[in-house]
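If you read the sequences in order, they're chains P and F.
Residue numbers are given in numbering that gives the first Met the number 0: position 287 of the first sequence equals residue 286, and the series is strictly consecutive.
Residue numbers are given in numbering that gives the first Met the number 0: position 9 of the second sequence equals residue 8, and the series is strictly consecutive.
Below: one structure, written as structure tokens.
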Amino acid sequence: MITEQERQIAASCLDIAREAGASGARITLTKSTEDLIATLDGQIDKVTRCADRSLSIALFVDGRFGSFSTNKLEAAALKDFIFRAADTVRMLAPDSFRRLPDPSRLCTSARSGREMDIYDPSHEAVTPAARRRAALDAAVFGRIRSDEGIIPSDLAGGKEGVRLISEEGEYSDSDYDVLVLDSQGLECRHSETSFDYGVEVTVEDENGDKYSDYWWTASPRLADFDASACGLEAVRRACAQIGAGPAPSGKYNMVVSREVSSRLVTPLLNALNAYSIQQGNSFLVGSKDRQLFSEGLSIVDEPWRKGESGSKLFDSEGVATAEAPIVSDGAVRRYFVNTYMAGKLGEAPTVEDAIRPRVCGYPSPGLDAEALLQRCGSGILVTDFNGGNCNMTTGDFSYGIAGQIFENGRIVRPVSEMLVTGNFLELWKHLIAAGDDYRLCTTKLVGTLAFSDVDFSG
Amino acid sequence: MDNNRDLFGVSLAQLRSLVSEGLKGGSWCDLYFEQTSYNDLLLRDSVVASGGFHLDYGCGIRVLDGEKTGYAYSESTDYQSLLDAARAAAALAGKGGVFSASPAPERPADLYPVARSWDGVPKKELARWLERLEEKIRELEPRTLKVIALLSWSHSEVMMYNSLDSLTSDSRPLGNVTVTVIFSDGGARTEQRNVSRSYRCGAEMLSDTLLEELAGEAVSALDDSFAARRPKGGKMSVVMGAGASGILLHEAMGHAFEADFNRKGQSIFCDRMGSRICKKGINIIDDGTIPLNRGALRFDDEGVPGQKTYMVEDGVLTSYLHDRISAGWYGVAPTGNGRRESFRYNPIPRMRATYMESGSDGTLDDLIGSVRKGIYVDKFANGEVKIGEGDFTFYVNRGYLIENGRLTMPVKDINIIGNGPQALADIVAVAGDLKIDNSTWTCGKEQSVAVSCGIPSVLIKNLTVGGE
Chain P
0 MITEQERQIA ASCLDIAREA GASGARITLT KSTEDLIATL DGQIDKVTRC ADRSLSIALF
60 VDGRFGSFST NKLEAAALKD FIFRAADTVR MLAPDSFRRL PDPSRLCTSA RSGREMDIYD
120 PSHEAVTPAA RRRAALDAAV FGRIRSDEGI IPSDLAGGKE GVRLISEEGE YSDSDYDVLV
180 LDSQGLECRH SETSFDYGVE VTVEDENGDK YSDYWWTASP RLADFDASAC GLEAVRRACA
240 QIGAGPAPSG KYNMVVSREV SSRLVTPLLN ALNAYSIQQG NSFLVGSKDR QLFSEGLSIV
300 DEPWRKGESG SKLFDSEGVA TAEAPIVSDG AVRRYFVNTY MAGKLGEAPT VEDAIRPRVC
360 GYPSPGLDAE ALLQRCGSGI LVTDFNGGNC NMTTGDFSYG IAGQIFENGR IVRPVSEMLV
420 TGNFLELWKH LIAAGDDYRL CTTKLVGTLA FSDVDFSG
Chain F
0 MDNNRDLFGV SLAQLRSLVS EGLKGGSWCD LYFEQTSYND LLLRDSVVAS GGFHLDYGCG
60 IRVLDGEKTG YAYSESTDYQ SLLDAARAAA ALAGKGGVFS ASPAPERPAD LYPVARSWDG
120 VPKKELARWL ERLEEKIREL EPRTLKVIAL LSWSHSEVMM YNSLDSLTSD SRPLGNVTVT
180 VIFSDGGART EQRNVSRSYR CGAEMLSDTL LEELAGEAVS ALDDSFAARR PKGGKMSVVM
240 GAGASGILLH EAMGHAFEAD FNRKGQSIFC DRMGSRICKK GINIIDDGTI PLNRGALRFD
300 DEGVPGQKTY MVEDGVLTSY LHDRISAGWY GVAPTGNGRR ESFRYNPIPR MRATYMESGS
360 DGTLDDLIGS VRKGIYVDKF ANGEVKIGEG DFTFYVNRGY LIENGRLTMP VKDINIIGNG
420 PQALADIVAV AGDLKIDNST WTCGKEQSVA VSCGIPSVLI KNLTVGGE
């Protein structure tokens, strides 16, 4: 955690910046630790200890702007660093839109850093032995294989003779602490802890074909951390892909599992960023207050969800966050406009990005994957994306997928080597339903999603 | 530079003491010191009004017990901090080991000579080069709406020491120019182009030639891009243009040749060593010795001299890509592929410049002329592979339909998918026009490292093309 001495070092950088001729400055001091235990096939494979700190400075000098960072925090080194930074800024072109946020917008409520209730003090007491135990307890390799390496058929989805080839698990616990100060008197702090486990398994069927898949969990609190189901879930997912191949090309209903559905939301949020809007590098230019999507699509930013990782009281400029609609009933309600872009676009500033976006359940709350499969009847359930991209100027996308064909609401067979292709503006007009079966350990709260008339090729 | 001990403030006696401490927990210990300065200038809205620099400094200490790894790092190189890191890495608590002597590694050629130091060039001159680049793009193409150009350059001083009592140093420059251009047809339609170049050299890379090259590439065949549509999807023959199509080798084959995936039994190639995996005459290489190349390394991040490694010779799989761990496990010499993003990461097998040698099946036109119905692709954005299954996907920015041996409708924004071993086996023709692509390729396997790729024009039968 950031010490009082380190806080004073950060504060002194504001004085040095002033001495170097800066009219304004913002200091961001981050500090983190992470302990990581990796396992391979149920044995400890790697032990890693990470400890980082970094000081970033945004400098406003003579109507110009630059950003700099260093991890050398000795007083003499910092003074030299900031003076050199100021000299560099003076060589850049003036930019009248660069300024610190209006003081009235700054966060004043993040004093201790623990207001969001996602810092678990018990993290400090986790011992190396406890970490090893957590990593080894989560591994399933030695527990579910026969001597010949065979997975019991009930774990392999009824398939016989499936071998578990490898299991790579990774337990980690970490803390992260950030302090933001600026020359207008801003001081805000955010602290969080995280306990994480992720596992990837490779299985081999009777034909010698390999299939791999993964699962993970995370929690800001040790008491809520439970990795016991991860290994089995990864095995289940890998076995579910055995025998996968392409389905005939055509239009299908598409249901996207909650663990990967944010892949379809992220391009929307990126396209609403003012940098993209201002540069014309967005398929949502001119979209504000226009109904562009299905009325079933509502996205709200909820940065104050206490106890959930990702929740935060301020953005990187120190601007106070607030709950706000992003898309309501299919209409775009806001761009994400930082102080700089507000000047450039002539827009009112907001927080600079979505902090804790949530896609609201539609058409009713309480829907999960099973309910969406039933509602759609038949189609393709996407459980993983493999590569692909989105053209941000047009919204055209193409992603590789793996998943399952379903008929009459029930899984029939696995598919792979298929592509889903379309345009985001069109895709979101074809939203059938949105589940609210969120995984709280993900950054964006997006449940299972269902769309109609989606192009698949294989 | 013979070593960087003064820069990092450690004596040889201290290095030996730290390694001795690490060897209490394993049979191998190595130290990786790094100081990297990263600088950038951004042109946006026709002015260079944003820039900065970033400093990173520290040392990573690794202890190995067989294939097991203990790793810790310190952002300070004072002796006590390093000793704490060595003890943390030694917490792996293996059997312990001892120093052993080895011949000093050979001194590889200087692969990245700097004719003009980045630090010696006034920022205004660098900014002016970016402004001239925009002017050239606008001159060539009046439909230019926006130009965003980022010039970045970094310099890493690294020093490596290990329990073979081997001390090596490297001084690694890297310059990058990335340009995004938004074009408008005057109506509602816009097009985006991304072009980039990256070299391990000094500011001499910012030549008029490079400026013309980037501007020309940014605006080339723009009418076709506005006219491009998605083709009807399905399985078809695909002609890959020379150069950037090398992403196919990187994603679909190169990762599966990385020895860690094979050691763990995860790669689809783990039991194929010595087997024929593609047609005779095909050679696939991973090369750290191409001068000025983004993937060039005089020494890898384990202190192993840079090498040129044939993975496939005459169609037969002959070598995986090894770091010291996998080399020890397989009982072969390391291939110089132990790489890491920074001192914060332990090294793992990674590619450098991955390419296929030129073949003898004629020219690009010959390949296109042999296809009745298919697709020609020449611009890619990115790719991804599932190591176990070998399934890969890569995204095509630009290409053309091939109908009866001729290029017809321009296509864009599609994916091509396939299976690595199958795609290799399905290469039916290789032209003699190998081209290394010098764009800013970055591989993201656990950590980000700079790589490059290349390929001659090749014809592959039966790849799946996404479309309407």
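Yeah, the Cβ is synthetic: ideal placement off N, Cα and C, and Gly gets one too.
Limits of the unbroken beta strand (DSSP E) element including residue i
i: R409 of chain P; result: R409 to N422
i: M158 of chain F; result: T143 to N161
i: D324 of chain P; result: According to the sequence provided, residue 324 of chain P is Pro. The question's Asp does not apply to it. Residues A323 to S327.
i: A228 of chain P; result: From DSSP, A228 of chain P is part of no beta strand (DSSP E); its letter is neither H nor E.
i: L173 of chain F; result: L166 to S183
i: E33 of chain F; result: W27 to R43
i: T38 of chain P; result: G23 to L39
i: T189 of chain F; result: T189 to Y198
i: N261 of chain F; result: Unbroken run through N261 of chain F is the alpha helix (DSSP H), A258 to R262; no beta strand (DSSP E).
i: T47 of chain P; result: Q42 to V60
Neighbourhood of residue i by C-beta, 7 Å cutoff - its chain only, sequence neighbours within 5 removed
i: G373 of chain F; result: M235, S236, V237, V238 and I401
i: M204 of chain F; result: G174 and Y198
i: I164 of chain P; result: T201, V202, E203 and K209
i: Q277 of chain P; result: M340, K343 and L344
Continuous alpha helix (DSSP H) stretch holding residue i: start and end
i: Y56 of chain F; result: Per DSSP, Y56 of chain F belongs to no alpha helix (DSSP H); it is in the beta strand (DSSP E), V46 to D64.
i: S171 of chain P; result: Looking at the DSSP string, S171 of chain P is not in any alpha helix (DSSP H); the run it does join, the beta strand (DSSP E), is R162 to D181.
i: Q277 of chain P; result: A273 to Q277
i: Y339 of chain P; result: T338 to L344
i: I415 of chain F; result: Careful: I415 of chain F lies outside any alpha helix (DSSP H), inside the beta strand (DSSP E) at I413 to N418.
i: G434 of chain P; result: That residue, G434 of chain P, is in no alpha helix (DSSP H); it is neither H nor E in DSSP.
i: R113 of chain P; result: First-last for R113 of chain P: undefined, no H or E at that position.
i: I81 of chain P; result: A74 to R89
i: R323 of chain F; result: R323 to Y329
i: N381 of chain F; result: Premise fails: N381 of chain F lies in the beta strand (DSSP E), K372 to V384, not in any alpha helix (DSSP H).
i: A12 of chain F; result: L11 to G21
Rounded Cβ spacing between residue i and residue j (contact assumed at less than 8 Å)
i: I404 of chain P; j: A246 of chain P; result: 6 Å
i: A228 of chain P; j: Y196 of chain P; result: No, A228 of chain P and Y196 of chain P are not in contact; Cβ-Cβ is about 10 Å, not under 8 Å.
i: L380 of chain P; j: D435 of chain P; result: Not a contact, Cβ separation roughly 18 Å.
i: R25 of chain P; j: L99 of chain P; result: 7 Å
i: S325 of chain F; j: A258 of chain F; result: 3 Å
i: V254 of chain P; j: L444 of chain P; result: Not a contact, Cβ separation roughly 18 Å.
i: S73 of chain F; j: G57 of chain F; result: 6 Å
i: L55 of chain F; j: N70 of chain P; result: First, the amino acid is wrong: residue 55 of chain F is Asp here, not Leu. Confirmed, Cβ separation roughly 6 Å.
i: I413 of chain F; j: V384 of chain F; result: Wrong, their Cβ atoms sit about 18 Å apart, outside the cutoff.
Neighbourhood of residue i by C-beta distance below 6 Å, restricted to the same chain and skipping five residues each side
i: S275 of chain P; result: S281
i: N480 of chain F; result: The displayed coordinates of chain F run from 0 to 467. Any statement about residue 480 of chain F would go beyond what the structure contains.
i: A233 of chain P; result: V198, V200, D212, Y213 and W214
i: Y334 of chain P; result: L271, A273 and I276
Chain C residues whose Cβ lies nearer than 7 Å to that of residue i
i: F67 of chain P; result: No chain C is part of this structure, whose protein chains are labelled P and F.
Close-in-space but distant-in-sequence residues of the same chain around residue i (CB under 8 Å, 5 per side omitted)
i: Y329 of chain F; result: A258, R262, Y319 and H321
i: A202 of chain F; result: R115, S116, W117, G119, V120, L125, W152 and G174
i: L430 of chain P; result: F292, S293, G295, L296, Y361, L448, A449 and F450
i: C200 of chain F; result: Y111, P112, V113, A114, P172, G174 and L291
i: P230 of chain F; result: I374, L400, M408, V410, I413, V464, G466 and E467
Margin query: Whether or not the stretch 410-430 of chain F and the stretch 333-347 of chain F are in contact is what I'm after, with contact meaning three or more pairs of Cβ atoms, one per stretch, closer than 8 Å; do they touch?
Written below: no
Notebook entry, point to check: Between the stretch 352-365 of chain P and the stretch 308-316 of chain P, do three or more beta carbon pairs fall short of 8 Å?
Noted result: yes
Item checked: Whole alpha helix (DSSP H) elements within the stretch 97-151 of chain F, 4-residue minimum -> 122-139
Notebook entry, point to check: Should the stretch 127-140 of chain P be called in touch with the stretch 30-44 of chain P, which here means at least 3 C-beta pairs below 8 Å?
Noted result: yes
Checklist line | Complete beta strand (DSSP E) runs within the stretch 215-266 of chain P (minimum length 3 residues, chain order) | finding: 249-255
Notebook entry, point to check: Does the count of Cβ pairs from the stretch 123-133 of chain F and the stretch 55-67 of chain F closer than 8 Å reach three?
Noted result: no
Notebook entry, point to check: So, do the stretch 377-397 of chain P and the stretch 325-345 of chain P have three or more beta carbon pairs nearer to each other than 8 Å?
Noted result: no
Next item on the list: Would you be able to state if there are at least three C-beta pairs under 8 Å between the stretch 3-11 of chain F and the stretch 294-304 of chain P?
Entry: no
Next item on the list: Decide if the stretch 19-32 of chain F is in contact with the stretch 101-115 of chain F; the criterion is three or more beta carbon pairs, one per stretch, under 8 Å apart.
Entry: no
Next item on the list: Evaluate the contact criterion for the stretch 179-189 of chain P versus the stretch 100-114 of chain P: three or more CB pairs, one atom per stretch, below 8 Å.
Entry: yes
Notebook entry, point to check: Enumerated in chain order, which unbroken segments of the beta strand (DSSP E) with a length of 3 residues or greater are wholly contained in the stretch 343-382 of chain P?
Noted result: 356-358
Notebook entry, point to check: Counting Cβ pairs, one atom from each stretch, are 3 or more of them under 8 Å apart for the stretch 37-50 of chain P and the stretch 3-10 of chain P?
Noted result: no
Margin query: If contact is defined by three or more beta carbon pairs under 8 Å, each pair taking one atom from either stretch, is the stretch 159-178 of chain P in contact with the stretch 136-145 of chain P?
Written below: yes
Next item on the list: Decide if the stretch 177-197 of chain F is in contact with the stretch 305-315 of chain F; the criterion is three or more beta carbon pairs, one per stretch, under 8 Å apart.
Entry: no
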